[in-house]
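In this note's numbering, the protein residues as written are 1115 to 1917.
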């Protein structure tokens, strides 16, 4: 993957902070190393940390070679350098600070288990809206690796919202962050904030370029933080293959987007004895529209085929008190002044900066006071965003007037990647659709005189009553909870005398009243009082657990039957789908721009199903009947890895092979007189650590040979080097003895070049050498001698290297 060092004010801070990490490694465990947690259920790979950083900010330090935000998966195209959470605010004395800039001001706690946590749909406790643990509560846990409800179990009943979720927790007041002297000379002064971060990915086409993120920020300190601003600073990129400096020629185009969703029909009765039907009913078709303009980063060259990317603000905490408008009622002024958040989730703004320009002249701010000004939109931004630069986007929302001890605010954003500017609009609409989710009716609705929709009865979100509102602590106010104006003002033709009148209810802190605060019949719709954000457009079935064992000219793949259990129990996939089988893929073409080639280079070598309509191999034919079940789940027998077993004989010794198993679900859809099969398949997820290499079998002493011989600067099994996996080349010693052995390699002058320890006791008769000497240097061309010593004897041989 082509990445190059970035030169901007943040990098010296990163480098020095990394030195601190090395010196104080025992303080906390930072998930920033190589081959760490990545979000990969979609058609992208995004690195996630537990330090308020998204993407891979540590490539240039040699700490991690993971993708940052690679789209499409395996392409080598990067859409992000790194992004950071910024939280700004005012201390009681009025001075401002921002946590999150410089990087590593957010850190996990000293608990060694405070890492990035990964979960997949179908894992235990991930059924949304279901009492997974049978304790009478639904989705009461948070995905954080902790026992939140005190029942001795961890993450056993969470509200799971995607195919894959990565969660992390961190704070801004860890000693390692406070004690460090940052290069800009500014001391980190924490607010005392804790953050719970969740990242989401979906495999469904059309939604597989969206990485959703929700941050929940809690004041765990003892002082009020005022004028709080929330933001994400994202150094976006659009770099194609073989473009080490591709980040320097990016540009930004502001793109409008709009999303409209039909949410239902509101039907509100005026009550018995008021008018006659049909005038007794107020009926309204409800639509919800969201729109905006976002900065889309793309390659400045009109001929570029690199993807485009943007950062979309979706939602943030609101305070219904800010919607109070009728000041004729007593106490309303004081109640509105106590609002701690904006009235609507419409305060998102985006600002563009150039990493290659100085601060104050279009470049990013480097001091907290300037960062806070940037969050408020009061810092100089890039004047000509459509010109080539190393661009970054700051997305912010707020201000939130105050964040008291114990209070929380949250906001959600989406990183959205698309193949081109032509497709980014649809991707933005899909991202909004994912976040909007669905409204559900979890609380029983009250009926009066046979009606569940009378205008002045709004318990549990009926008749336009969208919220159960209480007064702030220490305050009392009066208000009309029903807003009859929506009925006789907006019904065409207007109802002049609906027979309803204004109500005067008293709001206290210890009791809430269901209220139509926005005077809109389409919020608080038909009792659907609970919104479930991050709607899954269709859960794909999970892959099975499997194991791969290399042999001599063969590889054995074995797996379990967990996907069948979960699909038949209705735990995963959508309604109407049924388990259909498994697909087995093999990677043998190592043409790549990143650690693993894209999915198109994977070969389907086996299709196993419950029927043979699509020429699948019958599943029953690969069952190992000697493997018994190990436990019962959802009333079904679970068979461990080994239930199914396949041997791949079309492999070569010494070559790298990688295998992935997916599971499938199908349903029949009727369109007119035609019937079609709709299929869902689990994501193709692989890791380079799972590479297997078939080996020659161990044998008697005196039969070892070297392949290839001569070595002419390469071998057929070499895989192209990429950052993070630079040494794909090797020669192999084959036919090693069936015993522990030592291979020694010499020059013809008798100088020892390298020693290799190999244990062939288990039948493995092959050992690889990467042509690096024991001094860490590439070897020269020439003739080399080798010896093999074991308890079975001694052997001498030779081979030739031509560079």
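Note that CB positions come from ideal geometry on N, CA and C, so glycine has one too. All of these numbers come straight from a predicted model, not from anything done at the bench.
Asked                                                                                                                              : Found
For residue 1590, the nearest candidate out of 1248, 1444, 1825 (CA to CA)                                                         : 1444
Buried or exposed by the 16-neighbour rule on C-beta atoms within 10 Å, applied to residue 1801                                    : exposed
Closest by C-alpha distance to residue 1556, when choosing among 1533, 1243, 1578                                                  : 1243
Own chain residues within Cβ distance below 7 Å of residue 1421, not counting five before or after                                 : 1185, 1191, 1193, 1352, 1531, 1532, 1533
Delimiting residues of the beta strand (DSSP E) encompassing residue 1194                                                          : 1192-1204
Cutoff 7 Å: residue 1490 Cβ touching any chain B Cβ                                                                                : Annotation note: the requested chain B is absent from the structure, which comprises a single protein chain.
Assigned exposure category for residue 1314 - 16 Cβ within 10 Å defines buried                                                     : buried
Collapsed DSSP secondary structure at residue 1544 in the structure displayed                                                      : helix
Endpoints, the beta strand (DSSP E) within which residue 1792 is located                                                           : 1788-1795
Whole runs of the beta strand (DSSP E) within the segment 1463-1527, excluding any shorter than 3 residues                         : 1463-1468, 1505-1517
Contained beta strand (DSSP E) runs [length at least 3] in the segment 1559-1583, N- to C-terminal order                           : 1581-1583
Cβ neighbours of residue 1545 in the same chain (closer than 6 Å, five flanking residues each side left out)                       : 1324, 1426, 1528, 1530
Collapsed DSSP secondary structure at residue 1642 in the structure displayed                                                      : coil
Residues bridged to residue 1848 [DSSP beta-bridge criterion]                                                                      : 1819, 1880
Contact under 7 Å by Cβ, residue 1457 with residue 1496                                                                            : no
Within 7 Å, strictly: CB atoms of residue 1271 and residue 1239                                                                    : yes
Every unbroken alpha helix (DSSP H) within the segment 1638-1721, with a cutoff of 4 residues, ordered by chain                    : 1676-1682
Nonlocal neighbours in the same chain, by C-beta distance under 8 Å from residue 1826, ignoring five residues either side          : 1916
Cβ distance (whole Å) where residue 1805 is taken to contact residue 1770 below 8 Å                                                : 5 Å
For residue 1082, the residue or residues it bridges with in DSSP                                                                  : What is shown of the chain runs 1115 to 1917, which leaves residue 1082 out entirely.
Span of the alpha helix (DSSP H), counted from its first residue to its last, around residue 1289                                  : 1289-1292
Beta-carbon contacts of residue 1665 that lie in its chain and below 7 Å, excluding the five residues immediately before and after : 1808
Beta-carbon gap between residue 1365 and residue 1502 smaller than 7 Å                                                             : yes
Endpoints, the beta strand (DSSP E) within which residue 1327 is located                                                           : 1324-1333
Where residue 1298 falls, given that 16 or more other Cβ within 10 Å makes a residue buried                                        : exposed
Contact set for residue 1568: own chain, Cβ-Cβ below 7 Å, skip 5 residues either direction                                         : 1383, 1385, 1562, 1577
Residue 1821 beta carbon less than 7 Å from that of residue 1883                                                                   : no
Beta-carbon contacts of residue 1310 that lie in its chain and below 6 Å, excluding the five residues immediately before and after : 1283, 1330
Per DSSP, the bridge partner or partners of residue 1441                                                                           : In the DSSP output, where bridge partners are listed per residue, residue 1441 has none listed.
Secondary structure of residue 1753, DSSP reduced to three states                                                                  : coil
6 Å Cβ shell around residue 1671 - same chain, five flanking residues per side excluded                                            : 1662, 1760, 1773
Anticipated Cβ contact below 8 Å, residue 1919 with residue 1874, distance rounded                                                 : Given that the chain is displayed from residue 1115 to residue 1917, the structure contains no residue 1919 and the question cannot be resolved.
8 Å Cβ shell around residue 1518 - same chain, five flanking residues per side excluded                                            : 1333, 1338, 1454
Touching by the beta-carbon criterion (3+ pairs, under 8 Å), the segment 1369-1378 and the segment 1402-1413                       : yes
Exposed unless 16 or more other CB atoms sit within 10 angstroms - verdict on residue 1862                                         : exposed
Cα-Cα separation between residue 1209 and residue 1485, rounded to whole angstroms                                                 : 13 Å
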